[in-house]
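Protein chains in written order, with the numbering used here: chain W, 741 to 1144; chain S, 33 to 449; chain V, 37 to 271.
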Amino acid sequence: MRLLVMAWRNLWRYRRRTVVTVAAMTLALLIMVLYTSLVEGYLRDLERNIVDIELGDIQVVAPDYRNNPSIYRRIENPEQLVAQLRDRGLRASTRLIGGGLGAAGESSAGVMLKGIDVEQDAAVSEISEHLASGQWLDATDRAGVVLGNRLAKTLGVEPGDELILLGQAADGSMANDLYTIRGVLRSISDDADRAGVFMTEQAFRSFFVIPSGAHLIMVRRPAERDLSVAVAEVREIAVGLNVETWRDLAPILASFLDSTRSLILIVFLVIYVVVAILIINAMLMSVFERIRELGVLKALGVGPGHVFTLVFMEGGLQTGIAIVVALALSVPGLAYLADHGLDLSGLGGMSFAGMAIDPVWRAVVTPMTIIGPVVTLVVIVTVSVLYPALKAARISPVAAMRYQ
Amino acid sequence: MRARGSSLAVMAWRNLWRNRRRTLLTLSSIAFGVFLAVLFTAMQDRNWTDMINFAARLGAGHVTLQHPDYLEAPTLSKTVQGVDALKHLARAKPGVVRAVERVVGQTMLNTARESRGAGFIAIDPLAEDSTTFTVLGAVVTGASFTTSRDKGIILGERLAANLDVGLGDKIVYTMTDRTGEIVSGLARISGIVRTGAPSVDGGLCLLPIDAVREVLGYAADEATQVAIFVRDQRHADRIASQLNAEVRPGVAALPWHQIQRELAAFIAIKVGGARFMEALIAVLVAAGIFNTLFVSVMERLREFGIMMAIGWSPGRLFRLVVLESAWLGVLGLVGAVLVTVVPYWYLATKGIDVSGLMGENTAEVSGIAMPTTFRVGIFPAHAAFIAVAALVATLLAGLYPAWKAGRVDPVETIKLV
Amino acid sequence: MVADGNSAIVALNDVTKVYRQGAVDVHALRGLTLDVAKGEFTAICGPSGSGKTTALNLIGALDRPTSGSVVLEGQDLSRLSRRELSHLRRDRIGFVFQAYNLMPVLTAYENAETVMWVQGVVVEERRRRVMELLTAVGLEGLEHRKPSELSGGQQQRVAIARAIAASPAIVLADEPTANVDSETADTLIGIMEKLNREQGVTFLFSTHDPRVMERARRLVRLVDGEVAEDERRGS
Chain W
741 MRLLVMAWRN LWRYRRRTVV TVAAMTLALL IMVLYTSLVE GYLRDLERNI
791 VDIELGDIQV VAPDYRNNPS IYRRIENPEQ LVAQLRDRGL RASTRLIGGG
841 LGAAGESSAG VMLKGIDVEQ DAAVSEISEH LASGQWLDAT DRAGVVLGNR
891 LAKTLGVEPG DELILLGQAA DGSMANDLYT IRGVLRSISD DADRAGVFMT
941 EQAFRSFFVI PSGAHLIMVR RPAERDLSVA VAEVREIAVG LNVETWRDLA
991 PILASFLDST RSLILIVFLV IYVVVAILII NAMLMSVFER IRELGVLKAL
1041 GVGPGHVFTL VFMEGGLQTG IAIVVALALS VPGLAYLADH GLDLSGLGGM
1091 SFAGMAIDPV WRAVVTPMTI IGPVVTLVVI VTVSVLYPAL KAARISPVAA
1141 MRYQ
Chain S
33 MRARGSSLAV MAWRNLWRNR RRTLLTLSSI AFGVFLAVLF TAMQDRNWTD
83 MINFAARLGA GHVTLQHPDY LEAPTLSKTV QGVDALKHLA RAKPGVVRAV
133 ERVVGQTMLN TARESRGAGF IAIDPLAEDS TTFTVLGAVV TGASFTTSRD
183 KGIILGERLA ANLDVGLGDK IVYTMTDRTG EIVSGLARIS GIVRTGAPSV
233 DGGLCLLPID AVREVLGYAA DEATQVAIFV RDQRHADRIA SQLNAEVRPG
283 VAALPWHQIQ RELAAFIAIK VGGARFMEAL IAVLVAAGIF NTLFVSVMER
333 LREFGIMMAI GWSPGRLFRL VVLESAWLGV LGLVGAVLVT VVPYWYLATK
383 GIDVSGLMGE NTAEVSGIAM PTTFRVGIFP AHAAFIAVAA LVATLLAGLY
433 PAWKAGRVDP VETIKLV
Chain V
37 MVADGNSAIV ALNDVTKVYR QGAVDVHALR GLTLDVAKGE FTAICGPSGS
87 GKTTALNLIG ALDRPTSGSV VLEGQDLSRL SRRELSHLRR DRIGFVFQAY
137 NLMPVLTAYE NAETVMWVQG VVVEERRRRV MELLTAVGLE GLEHRKPSEL
187 SGGQQQRVAI ARAIAASPAI VLADEPTANV DSETADTLIG IMEKLNREQG
237 VTFLFSTHDP RVMERARRLV RLVDGEVAED ERRGS
């Protein structure tokens, strides 16, 4: 306790130096906390786009569908599978997928048609909440379609406009029909944005003349069930079919999500090493200007351990202040970034590995986004203070008294 | 006791070495800070230039001449006429390396059983090679077209697999012409490309330009774009604005970042983030320098008081401390060069292969493959900026301590033991 | 003139001390033999460079001799580890320095209790003892001042209180009056005399202040690191 009091008072002998050191630590920590929370928010947004909207947790397709996604490679009994999956507590919905050409006015574009069971799909995907304009599909409106945003731009259309779809039906005939655009999606992924045309399952079936079967079953697991457990369950049910997790389907994104969280540590280290040099220098200065005083303490019989602790506490107190101030300052910063986010939409849309990134980055605060930067700082400061503290502990009283 | 300017610098130099450990630590923080800034910047300069060049060679060049409305509504009706004259005009500009004409649009590809939508790029095979169009260097089966009137088509590998076709097979390509009519052409597969980029391999086909002109009813010198390639991507803006001043109405010159908005946004974020981190590092380093100089002034107050008492002016003391910080800045830069040169050389020539981080697939940013080798190459202007910024930061950090030194009261400080 | 071995607190036997200063060997002590008995009030005097401070440093377990032995309360210091020496200083030796050397961040009260605090004496005991000592050195009412708010003489009184707080076997005072005016010096000597008389504290000074020499009851004169004269006066 007495050491703590001494350490505290020692800090204020060179007020300006202490203030500058603490301010530098505070600034570094504050920015790292905000940065980590922003990255976390951006990763979650990406993950949400991947899992909640684009891919689901697990997908079931016919064997070889991935290599050759043709409208002929279908799951024959999707309704039965969906019912079985539901019995296991898994949410599931079927999708039909086929290629074609979309035309509106003078423009045309290659499109990917996706037939959706509107009611079932609400349980597996949040896509219906991801509209930039207009409305999502309605099971009763069989002529209504929803488009990816870049496709809508390419075709120069907006909700209410008409769209002609061309394709080759399963019976070999030329499919050709007129639709009305109900809505346009926000950015999801390169594929969906550039080519996605979403329609009701019934509309798809009549367009492509596919009365039964489905191309894909999208499966979601309950939050508490592990992905590996869920995928094993799906494999048991979907015998003879191809079962893949979103990690198999988007390996780059999966490894990006995994690695980015740990790569933040490198950013911490880079910034904190600069802080560390600052602290070592400040603490060394404070030890050397007090060499005589510390020598007297040792002459009086204060052991090296106590002297070490004293210097250590001085570093610790500065870090403590920096942590308290930085966290206090981060509260309004994080609140703002969580609410309003960092709006980068002025820069235009972005995507990574085919997955759209929301241009408004919102901070997400988790225990790790606070603990991570704080603990790394504490570790680095601890290591930095070691040298000055050891130096102080090893001062020889006689030499110190002669030192001017 | 009138010292010349140079002897003040000598004195500042000696003062610096009165506390070697402290000076060395401060220098190390400057050197480390500059080292980080140089590496960050060099990595970005190199990577973004690579990606921009790559994007240019995958898409529409560094500068694109096209119909003013094509960017908003890219349809085959938005064409430019007189492309030969435009190419001439562009090639005459200093810094322009190549200029080629293209027709770019969307099509549907049909075989007897399958149909797929895809983007198409129609090129003049005699004018283009892999330096203007990367995909031409990725032909794995077959070959490029021999003339611009060939009845050939080159498909991405995955697209070909999806359509279940191989070399020599027939394909019908369907597109809407400028009047909205649906028109078709027939082609035989003359080549298959594999680039590793999913958007190319699974969604792009190449056609000979005159064959497409015929199908679409275009004139012989009509195209949707003229792609211009420049030696240094940083000059794209200048060349685009020069061209804009000279071309007739109905043609617009756009630099790459207006066409590749997503890539530009990605780069802007990365550059902004790096600049921010560099500024943070600069502030932290400056705080360290401030601490050092401040304490070194405080512990010499008595000395300064004596100097003042024997006739030094406050201005001279101020200059002395400023010179000390200047020495720190200069030495810090020297140290920075020493610690940077070897890692920089290694990263500039050898690079680090980071493809392992992303698995065997290529990561695409806004449809442009990220370089899988981590290399550096800084623009000289950026290196100069970092050096100047480091010096300025050092001098700024020294101002307050120097002012403090100049304000010493000789009577007060000499009493102070 | 060797004092009775049983009552000797400190015994230096043929002690030499050689410092290396640059390329030169400085012989600070050349075979010093000296005993200090319990309850003595001794001053070591001599010109500067005669080895006074070195002798005190050796007795104070701050330094080790080049040869010879230093025995404190029967313990040969050369056989003790650094840690044991540190404990010995804490428990058995009090220091008063020429430049006071109080901790600038601690108050008079806190400075006086420093040693007891590292000894781990309980708070109540510390409080009682410190107040008693501060009263004895005439500083009642000033206990919450920092050293910078005290005069030189007052600071030295705090240093004396600090030195004797833990009831050491001996208090070593290196030129304790060198930095104060003559009136204050008288007061300080008076305080130490009183502590010596009333509480039996053993004092050993180094000094070249004639007033201190006058009042010492034993005066050892060092010249060139050897005892030139050892004079005892009746109490």
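Using N, Cα and C, we set each Cβ at its ideal position, and we do this for glycine too. For clarity, every value in this text was computed on a predicted model and none was experimentally measured.
- When W:Val969, W:Ala1075, W:Tyr1012, W:Ile950 are compared, the shortest CA-CA separation from valine 959 of chain W is found for W:Val969.
- Rounded to whole angstroms, the separation of the alpha carbons of proline 212 of chain V and valine 166 of chain V is 20 Å.
- A distance of 8 Å or more separates the beta carbons of threonine 78 of chain V and glycine 67 of chain V.
- Comparing C-alpha distances from isoleucine 299 of chain S to each of S:Ala87, S:Leu363, S:Ile214 shows the shortest one belongs to S:Ala87.
- Between valine 259 of chain V and aspartate 266 of chain V the beta-carbon gap is near 12 Å, outside 8 Å, which marks them as no contact.
- Pairing glutamate 1054 of chain W with leucine 751 of chain W gives a Cβ-Cβ distance under 8 Å.
- Residue state for asparagine 142 of chain S is assigned as strand, using DSSP reduced to three classes.
- Residues of the segment 1047 to 1070 of chain W whose Cβ lies closer than 9 Å to any Cβ of chain S: none.
- Looking at the DSSP output, glycine 907 of chain W shares a beta bridge with W:Ala915.
- In this structure, alanine 849 of chain W sits near glutamine 138 of chain S, with a CB-CB distance shorter than 8 Å.
- When DSSP reads this structure, threonine 78 of chain V sits in a beta bridge with V:Leu240, V:Arg254.
- Using a 10 angstroms sphere on the CB of lysine 88 of chain V, the tally of other CB atoms reaches 16 or more, which defines it as buried.
- At a cut-off of 4 residues, the continuous stretches assigned as alpha helix (DSSP H) that sit fully inside the segment 946 to 1017 of chain W are 967 to 977, 986 to 989.
- Going by C-alpha positions, threonine 1109 of chain W is about 32 Å away from valine 745 of chain W.
- Alanine 932 of chain W and leucine 925 of chain W do touch by the CB rule: their CB atoms are close to 7 Å apart, below 8 Å.
- For arginine 755 of chain W, no chain S residue has a C-beta closer than 7 Å to its own C-beta; the minimum C-beta separation is roughly 11 Å.
- If you draw a 10 Å sphere on the C-beta of glycine 347 of chain S, you find fewer than 16 other C-beta atoms in it, and that means exposed.
- DSSP places isoleucine 342 of chain S in no beta strand (DSSP E); its state is neither H nor E.
- Of V:Glu161, V:Ala209, V:Leu138, V:Arg125, the smallest CA-CA separation from glutamate 185 of chain V is found for V:Leu138.
- Among the residues of the segment 238 to 254 of chain S, none has a Cβ less than 9 Å away from any Cβ of chain W.
- Using a Cβ-Cβ cut-off of 9 Å, aspartate 99 of chain V is close to Ser1136, Pro1137, Val1138 of chain W, given in chain order.
- Around glycine 96 of chain V, the beta-carbon contacts reaching into chain W at under 8 Å are Ala1039.
- Around the C-beta of threonine 381 of chain S, fewer than 16 other C-beta atoms lie within 10 Å, and the residue is accordingly described as exposed.
- Along the segment 311 to 345 of chain S, the positions whose C-beta sits under 8 Å from a C-beta of chain W are Leu312, Ile313, Val315, Leu316, Val317, Ala319, Gly320, Phe322, Asn323, Thr324, Phe326, Val327, Met330, Glu331, read in chain order.
- Glutamine 235 of chain V sits exposed, since fewer than 16 C-beta atoms from the chains shown fall within 10 Å of its C-beta.
- Judged by DSSP secondary structure, glycine 839 of chain W falls within the beta strand (DSSP E) whose first and last residues are 831 to 844.
- Around the Cβ of phenylalanine 67 of chain S, a 10 Å sphere holds 16 or more other Cβ atoms; the residue is buried.
- For a cut-off of 8 Å, the C-beta gap from glycine 223 of chain S to glycine 174 of chain S is around 4 Å, short enough to register as a contact.
- Listed along chain V, no residue sits closer than 9 Å to methionine 1025 of chain W by beta-carbon distance, the nearest being about 16 Å off.
- Arginine 145 of chain S places its beta carbon 8 Å or farther from that of aspartate 201 of chain S.
- In the three-state scheme derived from DSSP, where H, G and I count as helix and E and B as strand, valine 128 of chain S is classed as strand.
- Note that the C-beta distance between valine 851 of chain W and threonine 834 of chain W is not below 8 Å.
- Around leucine 841 of chain W, the same chain offers Ser848, Ala849, Gly850, Val851, Leu905, Leu906, Gly907 as residues with beta carbons nearer than 8 Å, after the five sequence neighbours per side are excluded.
- When Cβ-Cβ separations below 8 Å define contact, glutamate 1033 of chain W makes contact with chain V.
- Interface with chain V (8 Å Cβ-Cβ cutoff): valine 762 of chain W is excluded.
- With contacts defined by Cβ atoms closer than 8 Å, threonine 58 of chain S and histidine 414 of chain S do not form a contacting pair.
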